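**Student:**
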Amino acid sequence: MNKAEVLKNIIEQRRSIFPKDYSETEISQEIIDEILHSATLAPNHKRTKPWRFKIFKGEEKAKLAVEMQEIYKATQAPQVFLEKKYNDIGFKINKADAVISIIVNFSGMVPEWEEIAAVSMAVQNMYLTCNANEVGCYWSSPKIVDHLKDSLTIEENQKCLGLFYMGNVD
339 MNKAEVLKNI
349 IEQRRSIFPK
359 DYSETEISQE
369 IIDEILHSAT
379 LAPNHKRTKP
389 WRFKIFKGEE
399 KAKLAVEMQE
409 IYKATQAPQV
419 FLEKKYNDIG
429 FKINKADAVI
439 SIIVNFSGMV
449 PEWEEIAAVS
459 MAVQNMYLTC
469 NANEVGCYWS
479 SPKIVDHLKD
489 SLTIEENQKC
499 LGLFYMGNVD
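The working numbering applies: residue 339 is where the sequence shown begins, and numbers increase by one.
1) Keeping to the same chain, check which residues put their C-beta closer than 7 angstroms to that of ILE492; ignore five residues upstream and five downstream.
2) For THR386, which residues from the same chain have a beta carbon less than 8 angstroms from its beta carbon, with the 5 sequence-adjacent residues on both sides left out?
3) Could you pull the start and end residues of the alpha helix (DSSP H) that SER458 belongs to?
4) Tell me which residue opens and which closes the alpha helix (DSSP H) that MET406 is part of.
5) Does the count of Cβ pairs from the segment 463 to 470 and the segment 393 to 403 closer than 8 angstroms reach three?
6) Hey, MET504 and ALA436 are a contact pair by Cβ (cut 8 angstroms); roughly how many whole angstroms apart?
7) Just tell me which of HIS383, ASN340, GLU362 and PHE394 has its CA closest to the CA of LEU490.
8) From what residue to what residue does the alpha helix (DSSP H) around PHE429 run?
9) Span of the alpha helix (DSSP H) holding ILE344?
10) Shorter than 8 angstroms, the distance from the beta carbon of MET339 to the closest heavy atom of the ligand NAD, or not?
11) Hey, out of MET459, MET464, TRP389 and GLY474, whose CA is closest to THR363's CA?
12) To the nearest angstrom, report how far apart ASP488 and ILE373 are at their CA atoms.
13) Report the option in ASP484, GLN462 and LYS481 whose CA atom is closest to the CA atom of SER354.
14) Would SER458 and ARG390 qualify as a contact pair, given that the criterion is a beta-carbon distance under 9 angstroms?
15) Short check: CB of MET464 to CB of SER376, under 9 angstroms?
16) Express the C-alpha separation of PHE429 and PRO388 in angstroms, rounding to a whole number.
17) Output the distance between the C-alpha atoms of THR378 and ILE431, rounded to the nearest integer angstrom.
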């Protein structure tokens with residue numbers, strides 16, 4: 339296959355794969371580094387490189403799960419709180435081998451939509467690199483990520499656009 343055929347194949351096969359389908363095997367650090375490196379190759383106007391990523395693995399990932407469950411519980415009125423959703427939040431984070439926060443850093447040098455678009459292209463590169471490495475992944479943007487400012491050390495000119503879940507699939 340030539341490069342164009344390989345690329346077409348990867349693009350056509352790109353899918354969101356959810357944590358319920360992840361295996362227990364660990365993603366190698368080398369592959370995680372490759373996934374993040376591909377993100378940094380996304381086009382961005384005036385070279386602002388507006389993406390910021392934080393990787394959660396192991397104990398730090400477990401703490402994220404508890405924090406997000408607590409945020410969900412604290413932000414829902416009792417009549418709309420769903421125990422299933424509360425449990426699903428913890429399950430998805432804990433089942434993933436790694437969770438990466440997706441943050442946009444607004445530079446003020448270009449319109450905000452351009453920096454959001456650049457981050458989105460960075461995430462698409464992550465999706466494609468995961469697919470090429472047979473790593474399952476998906477981008478989730480639940481409203482409760484707005485409350486993660488402290489644990490993600492988000493600055494005033496930044497916004498969390500969601501979480502990128504990754505796990506090996508058999």
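The beta-carbon is built from N, C-alpha and C at its ideal position, and this holds for glycine as well. Predicted, not measured: the structure shown is a model, and the values here were computed from it.
**Tutor:** Walking through what the data contain:
1) ILE441 and CYS498
2) ASN443, SER445, MET447, VAL448, GLU453 and ALA456
3) 450 to 470
4) 396 to 413
5) no
6) 5 angstroms
7) PHE394
8) 421 to 433
9) It is Val, not Ile, that sits at residue 344 in the sequence shown. Counting along the chain, the alpha helix (DSSP H) containing VAL344 begins and ends at 341 to 351.
10) The ligand NAD is not part of this structure, which contains no ligands at all.
11) GLY474
12) 25 angstroms
13) GLN462
14) no
15) yes
16) 30 angstroms
17) 24 angstroms
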